[in-house]
Amino acid sequence: MSLAGAAIDNQEQTTPPYAADRESRRDEFRMAGRVGRNVSNLLAADAI
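If you count the sequence shown from 1, position 23 lands on 22 in numbering that gives the first Met the number 0, and the numbers rise without skipping.
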């Protein structure tokens, strides 16, 4: 019983961080994409 309880506790502790990490990683990529686009737009405008 205590083993099952420990397993459930462990699962509850480990699942949210993965989800949160996935979200923050997605946001990082989104921001990186935005920055990359802004830089290329600036360079294109500068070239004109």
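Cβ coordinates follow ideal geometry from the N, Cα and C atoms, glycine included.
Check	Outcome
Grouping DSSP H, G and I as helix and E and B as strand, with all else coil, what is M0?	Confidence at M0 is low in this model, with a pLDDT of 48, below 50, so its placement is unreliable and no value can be given for it.
Let's test the definition: count the other Cβ atoms within 10 Å of the Cβ of F28 and tell me whether it reaches 16, buried, or not, exposed.	exposed
Distance check for R33 and A44, CA to CA, integer angstroms please.	16 angstroms
Counting contacts by CB-CB distance shorter than 8 angstroms, is R36 in contact with chain B?	The structure shown contains no chain B; it is built from a single protein chain.
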